[in-house]
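Student: Residue numbers (full-length UniProt numbering): 1 to 686.
Every residue, glycine too, gets a C-beta built ideally from N, C-alpha and C.
Got a structure here, written out as structure tokens. Questions coming.
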């Protein structure tokens, strides 16, 4: 490893200082053993000198000189406890020291340090240094080997602490792998910077308390909470480490060990802790986190989705949510930089939005850039870290205009977590493939228009700002199976250039009270950043009229539906419920949906159009009569199955698709539907 000159010089001086203290302890043991005092002269001859101020990185701040000095001050070691540490360190660093320990104790078998040896060798010895609450044992600096009495038990220096004395950063084994360092951000958005300033101001006044208050950062910006905490701690001179609260599950003794391990490291490094508690949902996990926080007194901040309460440690609560839309636009501009010039910007086709208020753009490229950023920030709710990653991805993309690269990078950045909870529908379908009556098509286009201009109406015009409930684009698609409900969601995704995720409610609904709501919460939290279209397919299983409470579970099922609709109302993207049985849904639930679209069974003209569109230009056909096919009274989904089935029959026979193939396919599909087609429907097909 390479060091700069200052650090390299400090390490050398630190080593000399440690060897000098070992030499002094060796001299005192020599006196106990009746040996001549040769160590002092050897020390002077070796030229051991204290650290100079220009080599010590802590001296400039008025701190102690060597790593041992730092440890003694920050961990509260007495002069006797300091010598015990050196005694144990010497056994690891000095050859022949074991023999000296045996000689000083008059027993060749005792070639190791003991408390009895230290009490006899050092004039400033005190019995309280042996207590479990003393710094030596509380911070696990010295380990007592089992098998003997307290004073005669072999002593060994903790390995991580030994490396620390040598100037090498090694974390306490009790927390190694659980915490990781966090760099303070170079800058924060203004709302986050103000929160960081307030936190630093409060903590500066709170340091005198025996158990200073913890800081709880509540909100949906997980990465932003970490940055705010790191910035606030940096203003107070602390370095920041992060801990995932999920590792805190364990026994009381394990929590105690981790808490003491952390407090030792926090004192040694002048560090503060940020605890990511977004995964803490179970009461037992919250209790474990509370017990952990009560066991150390160094600064700590907790990031969580919602505020938490702890029994003993007081808490300051601050809201840290994702940056405001204007702040997100600024973050995008900074992250994109000058690598993509404004003269080449072009927004995707669906982004025909106003450029907003402000100065007139100097060129068409700048206007397109502003329009794109308006659309991106209206659709995607990203934190600063996600924006930075998406911008890097956009820079790496090739083969498209800069505007398309930004939009694709934003879509990809928002789908990561959601992809683990729902299925992304890959099929891209446009309006021409959707066969519905004009009224239904108009309503679907209205949904797209509402989504496209949501920012203008709500943010710029202020419509609904006094009552933000019900601003989500929640829709119900109802109708028989195969009438195009899922396809309509795919069409909206194509029109809006958004991902469509199908959520399987059967995987989210749980028999345990409260579990369904937690699962739904995970889905909506993951989708919030992406703005994706959420499709809750076949949702009639969880809906019912409020009066239909026949069992205890029915009451909680109503609560689950209410929670689902509440989240749909608050979700800024499009969320769609599909059902085959509208009558099973309570009318009060219908009121909370902005759009209700009926998907009727296709009539003769619509069926003929569906048949014609499903036979693409590349499908070889021979004598296929769409007017005759349309007499079969089945929905569009069944028509698609028949066409696919017939195409495979024709391919297997190395022929074009004929009415004979379609008849066989139709009979197979009707058998699956448990119905027999009449002669009027399929007569004359073969």
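For residue 272, report the span of its beta strand (DSSP E) as first-last.
Tutor: The sequence position of residue 272 within the chain shown is 272, counting from 1. Taken as a continuous stretch (DSSP letters only), the beta strand (DSSP E) holding residue 272 covers 271-276.
Student: Enumerate in chain order the residues of its own chain whose CB-to-CB distance from residue 11 is below 6 Å, with the five nearest sequence positions on each side excluded.
Tutor: By 1-based counting over the chain shown, the position of residue 11 is 11. Counting only Cβ-Cβ distances below 6 Å, and skipping sequence neighbours, we find 167.
Student: Identify whether residue 156 lies in helix, strand or coil by the three-state DSSP scheme.
Tutor: As a first step, residue 156 is located in the chain shown; it is residue number 156 there, counting from the start. Strand, per DSSP.
Student: Run through DSSP, which three-state label would residue 538 get?
Tutor: Locating residue 538 in the chain shown gives position 538, counting from the first residue. Coil at residue 538, not helix or strand.
Student: On the CB-based measure, 16 or more other CB atoms within 10 Å of its CB, does residue 421 come out buried or exposed?
Tutor: Looking up residue 421 in the chain shown gives position 421. Buried, because 16 or more other Cβ atoms sit within 10 Å of the Cβ of residue 421.
Student: Between residue 22 and residue 93, how many whole angstroms is the CB-CB distance? I'm expecting something under 8 Å.
Tutor: Against the chain shown, residue 22 aligns to sequence position 22. Against the chain shown, residue 93 aligns to sequence position 93. Contact holds; Cβ gap of about 7 Å.
Student: What number of angstroms, rounded off, separates the C-alpha of residue 425 from the C-alpha of residue 531?
Tutor: Residue 425 sits at position 425 when you count from the first residue of the chain shown. Residue 531 sits at position 531 when you count from the first residue of the chain shown. The alpha-carbon atoms of residue 425 and residue 531 are separated by roughly 15 Å.
Student: Got a sec? Which residues, its chain only, sit under 7 Å from residue 88 by beta carbon, not counting five neighbours each side?
Tutor: For this step, residue 88 is matched to residue 88 along the chain shown. Contacts found: 113, 142, 155, 156, 157.
Student: With respect to the alpha helix (DSSP H) encompassing residue 385, which residues constitute its N-terminal and C-terminal limits?
Tutor: Position 385 of the chain shown, counted from the first residue, corresponds to residue 385. Segment 384-396, the alpha helix (DSSP H) holding residue 385.
Student: When you compare only the Cα positions, how much space is there between residue 136 and residue 276?
Tutor: Within the chain shown, numbered from 1, the residue matching residue 136 stands at position 136. Within the chain shown, numbered from 1, the residue matching residue 276 stands at position 276. Rounded to whole angstroms, residue 136 to residue 276 spans 30 Å at the Cα level.
Student: Let me make sure I understand the geometry here. Which of 576, 559, 484, 483 has the alpha-carbon closest to that of residue 500?
Tutor: Within the chain shown, numbered from 1, the residue matching residue 500 stands at position 500. The option with the nearest alpha carbon to residue 500 is 576.
Student: When the Cα atoms are used, what is the spatial distance from residue 323 to residue 302?
Tutor: Position 323 of the chain shown holds residue 323. Position 302 of the chain shown holds residue 302. If you take the alpha carbons of residue 323 and residue 302, they lie about 19 Å apart.
Student: Any contact of the region 430-446 with the region 482-489, i.e. 3+ C-beta pairs under 8 Å?
Tutor: As far as the Cβ criterion goes, the region 430-446 touches the region 482-489, which means the pair count is three or higher.
Student: For the alpha helix (DSSP H) that residue 287 lies in, which residues bound it at each end?
Tutor: Your numbering for residue 287 matches position 287 in the chain shown. It spans 283-293 - the alpha helix (DSSP H) in which residue 287 sits, taken as one unbroken run.
Student: Look up residue 644 in the DSSP assignment and say whether it is helix, strand or coil.
Tutor: For this step, residue 644 is matched to residue 644 along the chain shown. The answer is helix: DSSP assigns residue 644 an H, G or I state.
Student: Ordered along the chain, which non-local residues of its own chain (more than five positions away) have a Cβ less than 6 Å from that of residue 596?
Tutor: Mapped onto the chain shown, residue 596 falls at position 596. Cβ neighbours of residue 596 beyond the five flanking positions: 476.
Student: Taking only the alpha-carbon atoms, compute the straight-line gap between residue 370 and residue 334 and give it to the nearest angstrom.
Tutor: For the purposes of this step, residue 370 is taken as the residue at position 370 of the chain shown. For the purposes of this step, residue 334 is taken as the residue at position 334 of the chain shown. Going by the C-alpha atoms only, they are around 13 Å apart.
Student: Three or more beta-carbon pairs under 8 Å between the region 622-629 and the region 584-592, yes or no?
Tutor: The region 622-629 is not in contact with the region 584-592.
Student: Which partner residues does residue 458 have in the DSSP bridge list?
Tutor: Residue mapping note: residue 458 aligns to position 458 of the chain shown, counting from 1. Answer is none; residue 458 lacks a bridge partner.
Student: Is the beta carbon of residue 78 closer than 8 Å to that of residue 13?
Tutor: Taking the chain shown and counting its residues from 1, the one referred to as residue 13 is at position 13. Taking the chain shown and counting its residues from 1, the one referred to as residue 78 is at position 78. No, the pair does not count as a contact, with Cβ atoms beyond the cut-off.
Student: For residue 480, collect the residues of the same chain with a Cβ closer than 7 Å to its Cβ; drop the 5 residues on either side in sequence, then sort them by chain order.
Tutor: Taking the chain shown and counting its residues from 1, one reaches residue 480 at position 480. Here the set comprises 580, 601, 635.
Student: Ignore the nearest five residues each way along the sequence and tell me which others in residue 223's own chain have a CB closer than 8 Å to its CB.
Tutor: Taking the chain shown and counting its residues from 1, the one referred to as residue 223 is at position 223. Cβ neighbours of residue 223 beyond the five flanking positions: 383, 384, 385, 386.
Student: Taking the beta strand (DSSP E) that residue 79 falls in, what are its first and last residues?
Tutor: Within the chain shown, residue 79 is the residue found at index 79, counting from 1. Segment 79-93 is the alpha helix (DSSP H) holding residue 79; no beta strand (DSSP E) there.
Student: Since residue 115 and residue 83 should fall inside the 8 Å C-beta cutoff, what is the C-beta to C-beta distance between them, to a whole number of angstroms?
Tutor: Residue mapping note: residue 115 aligns to position 115 of the chain shown, counting from 1. Residue mapping note: residue 83 aligns to position 83 of the chain shown, counting from 1. Actually they do not touch by this definition, with Cβ atoms about 12 Å apart.
Student: First and last residue of the alpha helix (DSSP H) that includes residue 405?
Tutor: Your numbering for residue 405 matches position 405 in the chain shown. Residues 402-414.
Student: Classify residue 253 as helix, strand or coil using the three-state DSSP reduction.
Tutor: Along the chain shown, one-based indexing puts residue 253 at 253. Of the three classes helix, strand and coil, the one that applies to residue 253 here is helix, per DSSP.
Student: Going by other Cβ atoms of all chains shown within 10 Å of its Cβ, with 16 needed for buried, is residue 185 buried or exposed?
Tutor: In the chain shown, the residue the question calls residue 185 occupies position 185. So residue 185 ends up on the buried side.
Student: If you compare alpha carbons, which of 96, 86, 148 is closest to residue 118?
Tutor: Along the chain shown, one-based indexing puts residue 118 at 118. Of 96, 86, 148, the residue nearest in Cα terms is 86.
Student: For residue 306, which of helix, strand or coil comes out of DSSP?
Tutor: Along the chain shown, one-based indexing puts residue 306 at 306. Coil at residue 306, not helix or strand.
Student: Short of 8 Å in beta carbon distance, which residues of its chain neighbour residue 330, apart from the five on each side in sequence? Order them along the chain.
Tutor: If you number the chain shown from 1, residue 330 lands on position 330. Hits under 8 Å: 189.
Student: Cβ of residue 313 within 8 Å of Cβ of residue 293?
Tutor: The sequence position of residue 313 within the chain shown is 313, counting from 1. The sequence position of residue 293 within the chain shown is 293, counting from 1. Cβ distance < 8 Å, so residue 313 and residue 293 count as in contact.
Student: So, residue 679 versus residue 642, is the Cβ gap smaller than 8 Å?
Tutor: Translated into the one-based positions of the chain shown, residue 679 becomes position 679. Translated into the one-based positions of the chain shown, residue 642 becomes position 642. In this structure, residue 642 does not lie closer than 8 Å to residue 679 by Cβ.
Student: Can you grab the Cα-Cα spacing for the pair residue 441 / residue 594, in whole Å?
Tutor: Your numbering for residue 441 matches position 441 in the chain shown. Your numbering for residue 594 matches position 594 in the chain shown. Whole-angstrom Cα-Cα distance: 16 Å.
Student: For residue 179, count neighbouring Cβ atoms within 10 angstroms of its own Cβ and tell me buried if that reaches 16, exposed if not.
Tutor: Within the chain shown, residue 179 is the residue found at index 179, counting from 1. Residue 179 should be labelled buried.
Student: Using CA coordinates, which residue listed in 509, 397, 265, 564 is at the minimum distance from residue 70?
Tutor: Here the question's residue 70 lines up with position 70 in the chain shown. Answer by Cα proximity: 265.
Student: Going by DSSP, which residues form a beta bridge with residue 195?
Tutor: To locate residue 195, count along the chain shown from 1; it is residue 195. Its beta-bridge partners do not exist; DSSP assigns none.
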